[in-house]
Structure formats: C-alpha cells, structure tokens
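Q: What follows is a structure written as structure tokens; I'll ask about it next.
In the working numbering, the protein residues as written are 310 to 475.
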C-alpha cells in the first residue's frame, strides 16, 4: 500500500464556495499522481474500485503503457450484492453522505450545489448506475436528495483547514 498525501484544500474551497462539484478535478489530480507513480515504479496496471465502466469497458489505456482497471465495473454487482460482501468484512459504513464512503467533502459540496441549482451534481452518475442496474430507482431517488451533513464532518473539515459551513 502507498498513501498519497496531497493537500487539495484550495481545490475544495474554490469549487465548494462557488457551489460547484470538486469531484472531477479531484479525481483527475489523484489519477495523474497515481499514474506518475505507476510510471516511476514501472507498474503497468492501476486497479480502482469504481463500479461504472469507461463508456463500455472496464479498461482504459493511459499514456506510457499504463492500463486502468475498474475492477467492480467488470462484475456489475448491485448495491445489495456489494453490501452483502462488505457485511463479511470488518468494515463499517462511515455514512458520509452522497454515493461514497471515502470523501469528507462530498456531502457538504452536494449541499452547496443543491443550494445553487436545486439538485445533486451526482445526478448523471446516479442515473448511469440505475441504467446499469447497479442500484434501483428507489435507492437512486434517496441518493439524489440533498444530504444531511453531520456537524462532526464540518468540524473535521475545519480542523483540516477547510471552513465551509455557511
């Protein structure tokens, strides 16, 4: 395992303050760094846990002979199937809001986007998940609601230098 320790505070502050999604820019920065390290260490394959394919394929070839594999996309596991697998593991859902379990800024970002536009920026992603039958319509409607953000998340973000509570 390798932990990438990068500060995206300015990216988050900028996008969230404008009521925009930080996800694409954050994901691009992370993937660029992972690709750079893969090239440096001569690692030909990067495996991610994303459940949606790149268009129609779970594989994407990057520059320099590096391939990204979206492992879950190949299995097309439903949300229920993934949850059943997780029940067998020592894992607890942190209930961070939005359709993720690893991002502290997602729910606050969705709330700010919701204030500005009246819907979630995860709309297209959630619709794709319904089309691929990864989640059902009821789950999608639940995920598209404006998330409640526990005060603890705002406090943790503030502790890390991101004071975004309005």
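A virtual CB, placed ideally from N, CA and C, is assigned to each residue, including glycine.
1) Helix, strand or coil for residue 365? Go by DSSP, reduced to three states.
2) Could you tell me whether the Cβ atoms of residue 474 and residue 417 are closer together than 9 Å?
3) Please state if the CB of residue 452 and the CB of residue 386 are separated by a distance shorter than 9 Å.
4) CB residue 424 to CB residue 328, shorter than 9 Å?
5) Considering only residues of the same chain and omitting the five flanking positions on each side of residue 470, which have a CB-CB separation below 7 Å?
6) Ignoring anything shorter than 4 residues or poking outside the region 387-463, list the alpha helix (DSSP H) runs there in chain order.
7) Note down, in chain order, each residue of its chain lying with its Cβ closer than 7 Å to the Cβ of residue 362, except the 5 sequence neighbours on either side.
8) Start and end of the beta strand (DSSP E) containing residue 355?
9) Could you give the distance in angstroms between the alpha-carbon of residue 408 and the alpha-carbon of residue 331?
10) In whole angstroms, what separates the C-alpha of residue 356 from that of residue 428?
A: Concretely, from the data shown:
1) coil
2) yes
3) no
4) yes
5) 318
6) 388-396, 415-426, 432-440, 446-452
7) 379, 382
8) 354-357
9) 14 Å
10) 31 Å
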